[in-house]
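For reference, the structure is listed below as structure tokens.
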Amino acid sequence: MPTHHLLIVYHSQSGTTEAMAQAVIRGASDPAVEGIEVRVRAALDAGPDDLLWAHAVILGTPENFGYMSGGLKTFLDRSYHACLAHTQGLPWALFVRAGNDGSGAVGSVERIVAGLRWRAIREPLVVAGPADEATVLPACEELGLTMAAGLEAGVF
Ligand SMILES: Cc1cc2nc3c(=O)[nH]c(=O)nc-3n(C[C@H](O)[C@H](O)[C@H](O)COP(=O)(O)O)c2cc1C
Numbered sequence: 205m206p207t208h209h210l211l212i213v214y215h216s217q218s219g220t221t222e223a224m225a226q227a228v229i230r231g232a233s234d235p236a237v238e239g240i241e242v243r244v245r246a247a248l249d250a251g252p253d254d255l256l257w258a259h260a261v262i263l264g265t266p267e268n269f270g271y272m273s274g275g276l277k278t279f280l281d282r283s284y285h286a287c288l289a290h291t292q293g294l295p296w297a298l299f300v301r302a303g304n305d306g307s308g309a310v311g312s313v314e315r316i317v318a319g320l321r322w323r324a325i326r327e328p329l330v331v332a333g334p335a336d337e338a339t340v341l342p343a344c345e346e347l348g349l350t351m352a353a354g355l356e357a358g359v360f
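Going by my numbering, the residue at position 138 of the sequence shown is 342; the numbering climbs one at a time, nothing skipped.
Structure follows, in structure tokens:
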């Protein structure tokens, strides 16, 4: 029986963040890690109930106009007040895909998450500019696996 709930919420318009998300999901669903239920939501379909269910969350977004995507922003807008009193300390991680920078997306998510008082388990995974999928996807899998294994072990 799964005892820990891991939520993965992401937005992707043209598919590159989607590919990262699928790799994160693969890592989080590694059969070597037991007792983790992984829930995956497109950001536009996700809401506060998903966060209230979660023991940890991984967010993913492209950088759009120097900020997180509108899809992820509306999820956080719709969830913030409903979750503020209930999700403090939630372990979280972030992955970002960007054409050439990524820092605006990271900073915009981190500002909101700082208000929520979630607890980062590691530095954001940022892929900016042309990238070799052969290195990107394993890094994404490692992110998912790290979160799942840490939850299983009670580290987070
Ligand atoms: C409307 C729009 C705005 C963008 N703005 C930025 C930006 O400010 N900085 C950047 O590095 N890349 C920017 N990009 C590039 C995207 O971050 C990049 O193409 C990313 O891989 C798209 O992810 P997706 O395929 O998951 O939608 C922008 C792309 C779009 C479509």
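Note that CB positions come from ideal geometry on N, CA and C, so glycine has one too.
Ranked by how close their Cα comes to the Cα of residue 326, the residues 348, 257, 258 have 348 in first place. Look at residue 343: its beta carbon is at least 8 Å from all of the heavy atoms in ligand 1.
The beta-carbon separation of residue 224 and residue 275, rounded to 14 Å, does not stay under the 8 Å limit for a contact. Counting other Cβ atoms within 10 Å of its Cβ, residue 216 reaches 16 or more and is therefore classed as buried. Each of 305, 310, 290 was checked against the Cα of residue 260, and the nearest Cα belongs to 290. Counted as a single uninterrupted DSSP element, the stretch harbouring residue 360 is not any alpha helix (DSSP H), since DSSP gives it neither H nor E. Residues 267, 300, 330, 332 of the same chain have their beta carbon placed closer than 7 Å to that of residue 306, with the five preceding and five following residues left out of the count. In this structure, ligand 1 has no non-hydrogen atom nearer than 8 Å to the beta-carbon of residue 339. DSSP places residue 337 in the helix class (H, G or I) of the three-state scheme. Residue pairing by DSSP puts residue 244 in a beta bridge opposite 212. Counted as a single uninterrupted DSSP element, the beta strand (DSSP E) harbouring residue 260 occupies residues 260-268. By the beta-carbon neighbour count (other beta carbons within 10 angstroms, threshold 16), residue 312 is buried. For the options 231, 302, 278, 222, the alpha carbon positioned closest to that of residue 248 is the one of 278.
Using a cutoff of 8 Å, the CB of residue 269 counts as near ligand 1, since one of the ligand's heavy atoms is closer than that. With 16 or more other CB atoms across the displayed protein chains lying within 10 angstroms of its CB, residue 351 is buried.
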